[in-house]
Amino acid sequence: MSFKQLAIHLCLLGGSMASWGFFQGANGSTRLLGSSFGRFATNQTFDYVIVGGGTAGLTLADRLTQNGSLSVAVVEAGSFYEITNSNLSQIPAFDFFYTSSATTGIQPLIDWGIITSPQAQLKNRELHYAQGKCFGGGICRLIAHTYEVSTRGSAGSYQQWADQVDDQSFNFSNILPFFQKSVTFTAPDLAKRGDGGPVLFDPSAYSPSGKPLRVSYANYWAPIATFLRNAFGSLGLQTIAGFNSGNLIGCSEFTSAIDPQAATRSSSETAFLQASITRSNLMLYQQTLANRILFENKMAVGVSVSTAGVPFVLSATKEVILSAGAFRSPQILMISGIGPAEALESLDIPVISDLQGVGQNLNDQPYYGVSVRVNVTTQSALFSDPNFAAQATSDFLDQQKGPLTLPGGSVAAFEKLPQDLRNNLSNATVAELSKFPSDWPELEILPLGSTTAETNDTANYMELTIAVLTTTSRGNVTINSTNASDNPIVSPNWLLTTADQELAVQGFKRARQVIASAGISVGPEFSPGPSVQTDSEILEYIKETIAPIHHASATNAMGKSGDSAAVVDTQGRVFGVSSLRVIDVSIFPFLPPGHPQATVYMLAEKLADDILDG
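Rendered as structure tokens:
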């Protein structure tokens, strides 16, 4: 059974979108669904105009419209992923569709189709760098390698954030309430999960009053996970109580943004938008492109937008808020006259604020993997064994359990490179790594119940992926056009530094150690194969296969006033202008270890409070 056949075989899931009739408001009033959407090509005025209906944008819209005296517009270039991507963005196991780094097979209804500039250090490869174009944004789009995973960074990484921006409100103890505010946590359903046994988690990491995002566990325990958990333990990695209490180093099971009842994705669209769409003070503009921010005397006063190519203006009496992500937010700033003056002047863009940091400092955690055939059933059987796929479909639709509920792998590990491999690093690389906080892991080890390599048989496959979490290379985003419908130029610059190359090679060796310890391989290594042995051979393989894990961030970095690399202050306010904020993953000063979804929600919650507090 092919990927497409399996997707078609599963009926489109209901319950994610509201009825196509009347909404029942919290105060008992009714509202037509159509009243939630802005009129075509009609100028309108709001208190706040939010550009981008993604993770941060919809969280902000919900929190701001809880104040009934404030009016908010959300401008989203895409639409609802349930409509434009069938059920592929709802079912957790379909976490890989259309997100390959290959430059073909892109889904334009939910993806911007960004192709990186040629990367000389990666054998001149050009890579598809997926970015969400839908309500829910990147978390709904980029399930391939974010896996809906909800983890928090290490306490030390947030302390570094607080110190770097000179604002202790960003240390872990102070931001914990904002992490908790978004989330309703549900403990694992052991009756549905199979043979994995009890799950260690820390209930104090969550608040019983948190809402509306659902965070829970897959209703399935992958058979490979038992062997990998034992392998991690035998290699010195202790099992810890989850990845949400400020400590990442160890082995645990991921919590994911999954609705435990439906076993489907929970996102800013299903959670925050569905909570706020009934409000008369929220207006959505779908399939609408933000062209540029409008200014009067360096004050943002609105956004020039277009729907189907027809321009109109959404004015903002209080603020414009950019929440368009790590690539689009810097692009819109530059098109609007905010960014490196030399780049703007080369395109005849009048400079409103010369901010050299716009589009710089691009962080991600690139990944690569080792693939083997295994003697236990993996999710690869969904696409090679029709009987397994049929049973999985039945389990999912009838009982909301089984392999279709599982994004990625059941267990994962974060660690510092062990000493036997650390001894292979140069003194200069060891010195670079010592600059990171002591609780900042250097590697993430994540098993997949399939392989990204091409296969032509019905074997069960596993790929053990490695993500480098202490990258010292930095990429950038720039523009060569004043048209917002043109993609920005993205250069990730992975593996530019010797430190990144050395750590990547040793991380590859660590993956082989874990696979050997698990003891479930069948036959020789599938990819890259046993002939790849020397450091130079391993590095060449990594250059040929390394790909984005889709955690792009920090391209409008938060910082102190006077810092030439900073774009916004600690409340997201853009330096050099007024009434303009950026609130999304682009304002991270750097990318903390772990997966950024939870940190984006935290940031939106925290800065929404700042806005409402005036």
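With mature numbering (1 follows the signal peptide of the UniProt record, and there is no 0) applied, the sequence shown corresponds to residues -18 to -1, 1 to 596, in that order. We put the beta carbon where it would ideally sit given N, CA and C, even for glycine.
Spatial neighbours of residue i in its chain, beta-carbon cut-off 7 Å, leaving aside the 5 residues before and after
i	result
G576	T133, R134, G135, F225 and L230
S139	P419, W422, P574 and P575
A257	D44 and P194
T479	T454 and S455
A207	G178, G391, S392 and V393
Y583	T37, T41, S164 and L195
G554	R563, V564, I565, I569 and L589
E507	V352 and V354
P385	A75, Y202, Q361, L364 and A374
N406	Q488
P578	H533, S535 and V567
A213	V496, S499 and A500
D148	K542
Paired residues, beta bridge with residue i - DSSP
i	result
N438	The partner list for N438 (beta bridge, DSSP) is empty, contrary to what the question assumes.
H110	I97
M444	V354
N458	S473
N345	S535
A449	Y349 and E426
P272	First, the amino acid is wrong: residue 272 is Ala here, not Pro. V287.
T166	R196
I241	Inspection of the sequence shows that residue 241 is occupied by Asp rather than by Ile. T246, per the DSSP bridge assignment.
D336	G321
V582	None; V582 has no bridge partner.
Same chain only: Cβ atoms within 6 Å of residue i, ignoring 5 sequence neighbours per side
i	result
I153	Here residue 153 turns out to be Asn, not Ile, going by the sequence shown. Taken in chain order, the residues that qualify are Y140, Q141 and A144.
T387	P74, A200, N201, Y202 and A245
I502	F209, V356, N357 and V358
Y80	Q89
G34	S305 and A306
H127	Any reading at H127 needs caution, since the residue's pLDDT is 37, under 50, leaving its predicted position unreliable; the model's value is listed next. Closer than 6 Å at the Cβ level, and outside the excluded window around H127, lie I531 and H532.
L585	none
P332	G319
Q313	I461 and P470
A282	I275, V302, S561 and L562
Start-to-end residues for the beta strand (DSSP E) that takes in residue i
i	result
H235	As written in the sequence, residue 235 is Glu, which differs from the His given in the question. G232 to E235 is the extent of the beta strand (DSSP E) around E235.
Y349	Y349 to V356
E251	From DSSP, E251 is part of no beta strand (DSSP E); its letter is neither H nor E.
G505	S503 to S509
S139	Counting along the chain, S139 falls outside any beta strand (DSSP E), though it belongs to the alpha helix (DSSP H) covering A137 to V147.
L266	L264 to Y267
L326	Element bounds for L326: not the beta strand (DSSP E) but the alpha helix (DSSP H), A323 to E327.
L15	Counting along the chain, L15 falls outside any beta strand (DSSP E), and DSSP gives it neither H nor E.
D29	Q26 to V33
V197	L195 to V197
Bounding residues of the alpha helix (DSSP H) (the contiguous stretch that carries residue i)
i	result
V496	T480 to A500
L219	Neither: L219 is in no alpha helix (DSSP H) and is coded neither H nor E.
R175	L172 to R175
F160	F154 to K163
Sequence-distant residues of its chain with Cβ nearer than 8 Å to residue i (five each side left out)
i	result
I334	F277, K280, S318, G319, I320, G558 and V559
S61	L91, C116, F117, Q268 and Q269
N475	Q101, Q103, L344, S455, R456, G457 and N458
I240	P74, E130, R196, V197, S198, Y199, A200, T246, R247, S248, T387 and P389
G596	none
beta-carbon residue i near the ligand GDP non-hydrogen atom, thresh 7 Å
i	result
G60	The ligand GDP is not part of this structure, which contains no ligands at all.
Exercise for review: May I have a chain-ordered list of the beta strand (DSSP E) segments no shorter than 3 residues that lie completely inside the segment 366 to 426?
Suggested key: 393 to 397
Review point. Taking the runs of the beta strand (DSSP E) that are 3 residues or longer, which of them lie wholly in the segment 42 to 67?
Key: 54 to 57
Review point. At what residue ranges does the segment 278 to 319 contain a whole run of the alpha helix (DSSP H), taking only runs of 4 or more?
Key: The DSSP assignment places complete alpha helix (DSSP H) segments of no fewer than 4 residues inside the segment 278 to 319 at 307 to 317, in order along the chain.
Check your understanding: Enumerated in chain order, which unbroken segments of the alpha helix (DSSP H) with a length of 4 residues or greater are wholly contained in the segment 499 to 578?
Key -> Entirely contained in the segment 499 to 578, the alpha helix (DSSP H) runs reaching 4 residues are, in chain order, 517 to 527.
Review point. Is it true that the segment 81 to 89 meets the segment 104 to 118, where meeting means three or more beta-carbon pairs spaced less than 8 Å apart?
Key: Look at the beta carbons and you see the segment 81 to 89 touching the segment 104 to 118: at least three pairs across the two are nearer than 8 Å.
Check your understanding: Does the segment 17 to 36 come within contact of the segment 294 to 304, defined as at least 3 CB pairs closer than 8 Å?
Key -> yes
Check your understanding: Between the segment 467 to 483 and the segment 493 to 502, do three or more beta carbon pairs fall short of 8 Å?
Key -> no
Practice item. Examine the Cβ distances between the segment 283 to 292 and the segment 545 to 553 and report whether three or more of them are shorter than 8 Å. Key: no
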